Structure formats: C-alpha cells, structure tokens
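In the working numbering, the protein residues as written are 10 to 390.
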Ligand code: ADP
C-alpha cells in the first residue's frame, strides 16, 4: 500500500513537472511567434516606408515580394509584378547585361550589383543601382536573393552635365589656343624679315586669343569660387552711370552696336564696382552675341525705393518662356539657334551669385521676337 502511495506521489510530481514544462514550452512558442511576427512587422514597416526598391526571390529565383516603391515607380501593382515580373521594363540596351549578370551570379549563388534603366509609369527611364546579396538559411542552404535598388537618375544626369561641360570647356579653350598657335607659327616663319603690317596683325590676333582664354579661365575660376561661396566682394559707394558709361569698350569700338545709357547720372550704389562691372559686361556681351542684329543696346538705371535697378535691353530674338527659369543655372545654355554661339553657360550664373552677395535680385523679361531685358538690383548708397 505504501509502495502504491509513493508511486502515485511520484506520478503526480512528474505530471506537475510535465505540465510546468508544457507551460514553459507554450510560453516559449508564444514568445517566438510574437518575436517572429514582430520581426515580420518591422521588416514590412521598413520595406514599405522606404523609397529604396526592395525585391525578394526564393531559391528557385521566383520573386516572392516587391515593396511599395516598386509600385510607385512602375505603376504596376505588387500582384501584377509578382505574376508578370518587371524585366520587360528594363531598357533594351541594359536588359541583356542585367540578365546575364543575374544568371551568372545565380549559378554560383553569389551576390551581384548592377546599374540599369527601368521604364517608370510616366514612360521615362530611371537609372537604378541594384545591390543584391545572396541569402542563406541557418543550415547554410541557399535561400535566394534580397535585392535593393536605389534611384540614381539625378546622379547620372549630374554626371552627364559634367561630361558635357568638360567637352564644351575643352572645345571653347581649344579654339583661341589653335588661333594663337597659328599666329605664333606665322611669326616664327617670318621672324627674320617680318613686314610691320603683318607683325602688327599677328600680335593683335594673338592678343585677342589670349584675352578670350583669360576670360574663359576667369569664368571657370569664378564659377568655382561662387559655388563654394568664396566670391570676394569689396563694397564701396560709387556712381553706377560711370560704370555704364565706361564699360564694354570692345563693343563700343566694334561698331556693330550703340550702347545708349539712360537714367539718373548721379545715382550712387553700394557695392563692389569691379564685380558689378563684370555683371554688366556679361549682360552687354550676351546682348551683342545673342542679339547681333540689335543695333541699339540700352543700359538703363532707375531708383526703385532704396534699390537701384540696372537693365540691359536688346531688340534681339528674345527667349522662349520655358527656357527662362533655367538661364541663371550653372552650365545652362539655351542653345538658341543651334550651336552657333560659343560660351560656357557660366556668365549669368556668376552674375546671379554676385548680385545675391549684394542683397539684390536678378532677372529677365523676354518674349520671342520682342527682345530681352536682363536686369539686376543693388542697394543705393
Ligand atoms: P553663355 O553665354 O556662356 O552661354 P550665360 O550664362 O551668359 O552663358 O547665358 C546663358 C544663356 O542665356 C545663353 O546660352 C543664351 O542662350 C541665353 N541668353 C543670354 N543673354 C541673352 C540675350 N540677350 N538674348 C537671348 N538669349 C540670351
């Protein structure tokens, strides 16, 4: 009987232990499930809230997940993306390279990266940079890929603008350099018996080339300084009409244009005279360059409140409304009438930076066929 009692007690004890163990196990499973769903929720919140395009593929290379960024870019629902894919949206020039990079990586279960263009819902191509690490389970078996793609279109465009700019700048510098080289070559040939007339002409030509190159290099340096906020400005009071009356001598003696100064001769402004002259010279040179048929170029001063407004007005071809907002951007050239005008697209950018440093505004009023008026304001003295 005692034996039976003790066996019964042992049984109850082991039952209690078992129950305890079972409860612990249930609690652990519950905790694990909670942790899993918490981790899943965290992943979803992270993946759905980002602009990075995330895609998950299983070991058979079947895609099992696209985040919202894919829907936003392609205009296809996640469901459509899952059933019909997205590779048809890759730019025809990039598709073969992307697909072969992917297949090569998949063969050896390796990570891969790539850049390619993809058609967005508005029909424009966007550049994506894809980084795709391989995923492995705890037991080391291959589980597929998680790819993340970043939109690098703006970066690519900036790269392109820089490339274009370097090519334009080199071309612009090469033209006066070639002409200087030709003048020097001729001078070398006639050095023992030069006619004064020819010598005079060659020296003049060389000077013109050197002035052109200096102006280009100055523009490059100034644009760089302006971009880094390091344009040096030395402000004093001076009469603006005096600068208007004495600037741009090459244009005055060139004989193709008359510079007509209008407005208050006594108006004094507070600014850096050399820098303001630079702005004026650029506007007048532009008027002569882009409005060659405009005989008169007007330089107008007005006092508006405590600001002086200086305008340079031509009767040239004018500028299309859609190009106007970009004229003061770095490297921007409206490319009016093809490529016949040389320039770096820096003059108005530098001018805008100079005027900004004076606390003034800069702008343009122009209409095709009705000429252009470029203007800027400065504080009066
Ligand atoms: P660049 O003359 O080197 O191109 P700018 O920054 O001085 O650079 O001018 C930017 C663009 O503005 C020019 O490429 C030209 O298309 C346009 N532009 C400037 N001034 C005039 C003007 N008076 N008439 C027509 N277009 C102009």
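The beta carbon of each residue, even a glycine, is placed where N, CA and C say it ideally should be.
All of these numbers come straight from a predicted model, not from anything done at the bench.
Just to confirm the assignment: which complete alpha helix (DSSP H) runs, minimum length 4, are found wholly within the region 68 to 110? Runs of the alpha helix (DSSP H) inside the region 68 to 110: 77 to 83, 87 to 93.
Using C-beta distances below 7 Å, list every residue in its chain close to residue 232, excluding the 5 sequence neighbours before and after it, in chain order. By 1-based counting over the chain shown, the position of residue 232 is 223. Listed in chain order, the non-local C-beta contacts of residue 232 below 7 Å within the same chain comprise 339, 355, 358, 359, local neighbours out to five positions each way being set aside.
- contact_flag[the region 79 to 98, the region 112 to 119] where n(CB pairs < 8 Å) is 3 or more: Touching, no.
From this set, 229, 190, 67, 54, which residue's C-alpha is nearest residue 211's C-alpha? Taking the chain shown and counting its residues from 1, one reaches residue 211 at position 202. The candidate whose alpha carbon is nearest that of residue 211 is 190.
Exercise for the section: Can you give me the Cβ contacts of residue 103 inside the same chain, cut-off strictly under 6 Å, excluding the 5 residues immediately before and after it? Expected result: On the chain shown, position 94 is the one that residue 103 refers to. Same-chain partners within the cutoff: 125, 126.
> Is the distance from the Cβ of residue 56 to the Cβ of residue 76 below 7 Å?
Replying inline: Counted from its first residue, the chain shown places residue 56 at position 47. Counted from its first residue, the chain shown places residue 76 at position 67. Inclusion of residue 56 and residue 76 in the CB contact set at 7 Å is warranted, their separation being smaller than that value.
- Flag residue 371 as yes when its Cβ comes closer than 6 Å to any non-hydrogen atom of ligand 1, and as no otherwise. Counting from one through the chain shown, the residue named residue 371 turns up at place 362. Outside the cutoff, so no.
Under 6 Å from any heavy atom of ligand 1, does the C-beta of residue 381 make it?
-> Numbered from its first residue, the chain shown carries residue 381 at position 372. Because some heavy atom of ligand 1 lies under 6 Å away, the Cβ of residue 381 counts as near it: yes.
Under the three-state DSSP convention, the category residue 368 falls into
Against the chain shown, residue 368 aligns to sequence position 359. Reduced to three states, the DSSP call for residue 368 is coil.
Query raised in the report: Can you give, in chain order, each stretch of the beta strand (DSSP E) that sits fully within the region 100 to 168 and has at least 3 residues?
Result: Within the region 100 to 168, the complete beta strand (DSSP E) runs of at least 3 residues are 121 to 128, 134 to 141, 143 to 145, 151 to 160.
- Identify which residue in 175, 213, 178 has its Cα closest to the Cα of residue 193. On the chain shown, residue 193 is found 184 positions in, with the first residue counted as 1. Out of 175, 213, 178, 213 has the C-alpha closest to the C-alpha of residue 193.
* Asked: For the region 235 to 244 against the region 197 to 212, are there 3 or more C-beta pairs whose distance is under 8 Å?
  -> Touching, no.
Enumerated in chain order, which unbroken segments of the beta strand (DSSP E) with a length of 3 residues or greater are wholly contained in the region 206 to 270? Listed in chain order, the complete beta strand (DSSP E) runs (minimum 3 residues) inside the region 206 to 270 are 245 to 248.
Are the CB atoms of residue 320 and residue 382 nearer to each other than 7 Å?
Your numbering for residue 320 matches position 311 in the chain shown. Your numbering for residue 382 matches position 373 in the chain shown. Closer than 7 Å, so yes.
Q | Residue of 49, 149, 196, 154 minimising C-alpha distance to residue 122 | A | Position 113 of the chain shown, counted from the first residue, corresponds to residue 122. Considering only alpha carbons, the answer is 154.
Check: Taking the Cβ atom as the reference point for each residue, do residue 256 and residue 289 lie within a distance shorter than 7 Å?
Finding: Counted from its first residue, the chain shown places residue 256 at position 247. Counted from its first residue, the chain shown places residue 289 at position 280. It is a contact, given that the beta carbons lie within the stated cut-off.
query = Who are the Cβ neighbours of residue 292 in its own chain at under 6 Å, not counting the five residues just before and after it?
reply = What you label residue 292 is simply residue 283 of the chain shown in a count that begins at 1. Setting aside the 5 residues that flank it on each side, residue 292 is surrounded in the same chain by 321, 383, each with a C-beta closer than 6 Å to its C-beta; the list follows chain order.
- Within the present structure, is the beta-carbon of residue 233 separated from the nearest heavy atom of ligand 1 by less than 6 Å? Counting from one through the chain shown, the residue named residue 233 turns up at place 224. Result no, Cβ not under 6 Å from ligand 1.
Beta-carbon contacts of residue 282 that lie in its chain and below 8 Å, excluding the five residues immediately before and after: One-based indexing of the chain shown puts residue 282 at position 273. Result list for residue 282: 245, 247, 252, in chain order.
Please find out if some non-hydrogen atom of ligand 1 comes closer than 6 Å to the beta-carbon of residue 265. Walking along the chain shown from the start, residue 265 turns up at place 256. Taken from the Cβ of residue 265, every heavy atom of ligand 1 lies 6 Å or farther away.
Ligand 1: which residues have Cβ under 6 Å from any of its heavy atoms, chain order? Any residue whose Cβ sits closer than 6 Å to a heavy atom of ligand 1 makes the list: 291, 295, 296, 299, 300, 323, 325, 328, 336, 341, 342, 343, 345, 352, 353, 354, 355, 356, 357, 358, 381.
- Looking only at its own chain, which residues have a Cβ that is under 8 Å from the Cβ of residue 106, when we skip the five neighbours before and after it? Within the chain shown, residue 106 is the residue found at index 97, counting from 1. The residues are 123, 125.
C-alpha distance - residue 108 paired with residue 141, whole-angstrom precision:
Position 99 of the chain shown holds residue 108. Position 132 of the chain shown holds residue 141. For residue 108 and residue 141, the distance between alpha carbons rounds to 13 Å.
Checklist entry - Which residues does DSSP pair with residue 323 in a beta bridge? => result For the purposes of this step, residue 323 is taken as residue 314 along the chain shown, with counting starting at 1. Per DSSP, the beta bridge partners of residue 323 are 381.
Next on the checklist: Measuring straight from C-alpha to C-alpha, what distance separates residue 223 and residue 379?
Outcome noted: Within the chain shown, numbered from 1, the residue matching residue 223 stands at position 214. Within the chain shown, numbered from 1, the residue matching residue 379 stands at position 370. Spanning the two alpha carbons is a distance of roughly 33 Å.
Coil, strand or helix - residue 317 by DSSP
Along the chain shown, read from residue 1 onward, the residue named residue 317 stands at position 308. Three-state DSSP puts residue 317 in a strand.
Short of 6 Å in beta carbon distance, which residues of its chain neighbour residue 324, apart from the five on each side in sequence? Order them along the chain.
Sequence index remark: in the chain shown, residue 324 carries index 315 (1-based). Closer than 6 Å at Cβ, skipping near neighbours: 303, 380.
field: Limits of the beta strand (DSSP E) - the one that residue 277 falls within
entry: Along the chain shown, one-based indexing puts residue 277 at 268. Element bounds for residue 277: 277 to 280.
Closest residue to residue 315 among 174, 71, 368, 301 (Cα-Cα distance)
Here the question's residue 315 lines up with position 306 in the chain shown. Looking only at 174, 71, 368, 301, the smallest Cα-Cα distance to residue 315 is reached by 368.
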